[in-house]
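> Quick note, the sequence shown lines up with residues 23 to 239 if you use this note's numbering.
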Amino acid sequence: MKFFIDTANLAQIKEANDLGILDGVTTNPSLMAKEGIKGTAAVLQHYVDICNMVDGDISAEVISTDYKGIIEEGKKLAALHKNIVVKVPMIKDGIKAIKWFTDNGIKTNCTLIFSAGQAILAAKAGATYVSPFLGRVDDMGADGIELIYQIRRIFDVQGFKTEILAASIRNALHIIKCAEAGADVCTCPLDSILGLLKHPLTDSGLAKFLEDAKKFA
Ligand code: E4P
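(1) Per DSSP, what kind of secondary structure is L187 in: helix, strand or coil?
(2) Tell me, please, whether the region 28-47 touches the region 83-95 by the rule of three or more beta-carbon pairs shorter than 8 Å.
(3) Consider the C-beta atom of L155 and the heavy atoms of ligand 1; say whether any pair is separated by less than 7 Å.
(4) State the Cα-Cα distance for the pair S153 and A63, rounded to the nearest angstrom.
(5) I'd like the span of the alpha helix (DSSP H) that includes G46, first residue to last.
(6) Would you list the one or two residues that DSSP bridges to D28?
(7) Would G204 and R174 qualify as a contact pair, given that the criterion is a beta-carbon distance under 8 Å?
(8) Taking 7 Å as the cut-off, is the beta-carbon of N105 closer than that to any non-hydrogen atom of ligand 1?
(9) Using C-beta distances below 6 Å, list every residue in its chain close to I135, excluding the 5 sequence neighbours before and after it, in chain order.
(10) If I measure Cβ to Cβ from R192 and keep anything under 6 Å in the same chain, skipping five residues before and after, which residues do I get?
(11) Pull up the CB-CB distance for D27 and C210, whole angstroms please, since I reckon it's below 8 Å.
(12) Indicate whether the contact test is met: 3 or more Cβ pairs, each with one atom in the region 79-86 and one in the region 105-122, closer than 8 Å.
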């Protein structure tokens with residue numbers, strides 16, 4: 023399973039990248055706004071900065087919601103760097119645009135996926151990635167991990183090549199469950215990635231080893 027970080031914060035991206043386990047980055051308009059980035063030029067430059075930090079797929083989301091607008095915006099984003107993946111919302115014009123991007127060799131990430139049916143449509147259009155938002159599904163009392171399992175089963179049975187990019191990750195357990203469910207990629211906040219490191223027996227075991235090491239130092 024590939025690890026992406028789900029943030030537009032350059033310090034967090036650097037920290038995850040320095041771990042040596044990072045395969046890519048996902049952003050969205052909310053994450054960009056959180057960084058206080060203002061104006062089109064600054065937004066585009068921020069994507070380039072991320073691309074220059076991480077050698078992997080970098081999702082940059084379109085704001086347009088009509089077919090022509092999505093295509094124009096997506097072309098500009100894709101021209102920024104070879105690693106840009108155009109992130110397109112799961113709407114009717116988005117599906118049409120994903121088909122156009124696919125036919126024109128531009129990678130896409132279909133975002134805001136909350137059902138297997140939506141994932142099937144995006145895969146049929148040739149999306150590189152589908153992003154089921156499992157945390158938001160959990161938030162409303164349904165089972166986000168089961169959605170990942172269901173999409174995995176469908177894609178395997180149908181032979182869809184679209185990668186399942188599990189998104190809206192809330193904690194380390196989500197990452198483990200996504201790995202178990204067969205997600206191709208998990209895009210995670212830094213805290214959730216670092217949460218995988220933690221175990222009290224590791225801490226106490228290391229403390230004991232270091233204490234004993236003093237005996238022969
Ligand atoms: C995915 O690419 C989205 O950016 C993200 O995972 C949404 O997560 P949220 O539910 O924490 O906003």
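C-beta: ideal position from N, C-alpha, C; glycine also.
Once the coordinates are examined:
(1) strand
(2) no
(3) Reading the sequence as shown, one finds Phe at residue 155 and not Leu. Yes - ligand 1 has a heavy atom lying nearer than 7 Å to the Cβ of F155.
(4) 27 Å
(5) Note, G46: premise wrong, no alpha helix (DSSP H); beta strand (DSSP E) at G46 to T48.
(6) T48
(7) yes
(8) no
(9) M112, A141, V152, S153 and P154
(10) G157
(11) The question names Asp, but residue 27 is Ile in the sequence shown. Yes, I27 and C210 are in contact; Cβ-Cβ is about 6 Å, under 8 Å.
(12) yes
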